[in-house]
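S.K.: Below are the structure tokens for one structure; questions will follow.
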Amino acid sequence: RIKLINLGIDHQSNGRDVPASRSWNRLFAQIVFDIQNRVFIELRPWIRLPEKAKTSPSDPTGDDNPDITDYMGHGHVRGVISLGKHTITFLFRDNLKADQKAALQLDWSFPLVRKIRGYVQFFTGYGESLIDYNDNSTRIGAGVELTNWL
Numbered sequence: 210r211i212k213l214i215n216l217g218i219d220h221q222s223n224g225r226d227v228p229a230s231r232s233w234n235r236l237f238a239q240i241v242f243d244i245q246n247r248v249f250i251e252l253r254p255w256i257r258l259p260e261k262a263k264t265s266p267s268d269p270t271g272d273d274n275p276d277i278t279d280y281m282g283h284g285h286v287r288g289v290i291s292l293g294k295h296t297i298t299f300l301f302r303d304n305l306k307a308d309q310k311a312a313l314q315l316d317w318s319f320p321l322v323r324k325i326r327g328y329v330q331f332f333t334g335y336g337e338s339l340i341d342y343n344d345n346s347t348r349i350g351a352g353v354e355l356t357n358w359l
């Protein structure tokens, strides 16, 4: 069944100054499906809002990254699966072009002590962060999760 329908505007920025500044704005639609309160699937397409071109590389106004949709695409699919006390999440994004600049993220959270949970994340592809959105990277991270939204 449909759990959520949402429309909105999303601004994402790394908060840095030129020349390391990266930001973009987009309109998005979001629909989340709930399958027996254990599996959630999110479809989130977006349209980038156009910005004016920079007059020079040091211009603090204008588009910091005009090619960002070549790497971040026009949406993602996310899934969350609850397996008892463990939660598996995946995110897939693709630019839907022949060069296949895609991203895959897998997360696993699991109980540690009381309400504190362990967290492991694997990412491969483009756009893991704004500063290197156009670099293909593979990363593994680990940490703790203070809350589980399921």
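Following this note's numbering, the numbering of the sequence shown begins with 210 at its first residue and continues without gaps. Every residue, glycine too, gets a C-beta built ideally from N, C-alpha and C.
Counting only runs that start and end within the stretch 240-307, where is the beta strand (DSSP E) found for 3 or more residues in a row?
M.R.: Here the runs fully enclosed are 248-257, 284-292, 295-303.
S.K.: Going by C-alpha to C-alpha distance, which of V289, G284, K294, G288 sits closest to N304?
M.R.: Taking the sequence shown and counting its residues from 1, one reaches residue 304 at position 95. The shortest C-alpha separation from N304 is found at G284.
S.K.: Just reading off the beta strand (DSSP E) that T333 is part of, what are its end residues?
M.R.: By one-based count along the sequence shown, residue 333 stands at place 124. Start and end: 325-334.
S.K.: Among the residues of its own chain, which have a CB less than 6 Å from the CB of V178, if the five just before and after it don't count?
M.R.: Residue 178 cannot be examined here, being either before or after the span of the chain that is shown, 210 to 359.
S.K.: Hey, could you find the ends of the beta strand (DSSP E) D219 is sitting in?
M.R.: Numbered from its first residue, the sequence shown carries residue 219 at position 10. Here the beta strand (DSSP E) through D219 covers 211-222.
S.K.: On the three-state DSSP scale, how would you describe I349?
M.R.: Mapped onto the sequence shown, residue 349 falls at position 140. Looking at I349 - three-state DSSP - the assignment turns out to be strand.
S.K.: Taking C-beta to C-beta, are V286 and G327 nearer than 9 Å?
M.R.: Taking the first residue of the sequence shown as 1, we reach residue 286 at position 77. Taking the first residue of the sequence shown as 1, we reach residue 327 at position 118. Contact: no.
S.K.: I want to know whether the stretch 226-235 touches the stretch 264-281 - three or more CB-CB distances under 8 Å.
M.R.: The stretch 226-235 is in contact with the stretch 264-281.
S.K.: Quick test of your reading: L213 and Q245, contact by CB under 8 Å. State the CB separation rounded to the nearest angstrom.
M.R.: Residue 213 sits at position 4 when you count from the first residue of the sequence shown. Residue 245 sits at position 36 when you count from the first residue of the sequence shown. Going by Cβ atoms, the distance from L213 to Q245 rounds to 16 Å, so no, they are not a contact pair.
S.K.: Just checking, does the stretch 218-227 make contact with the stretch 258-276 on the three C-beta pairs under 8 Å criterion?
M.R.: Contact holds: three or more Cβ-Cβ distances are below 8 Å.
S.K.: My output table needs one value for S232: the three-state DSSP class, helix, strand or coil.
M.R.: Taking the first residue of the sequence shown as 1, we reach residue 232 at position 23. DSSP places S232 in strand when its eight states are reduced to three.
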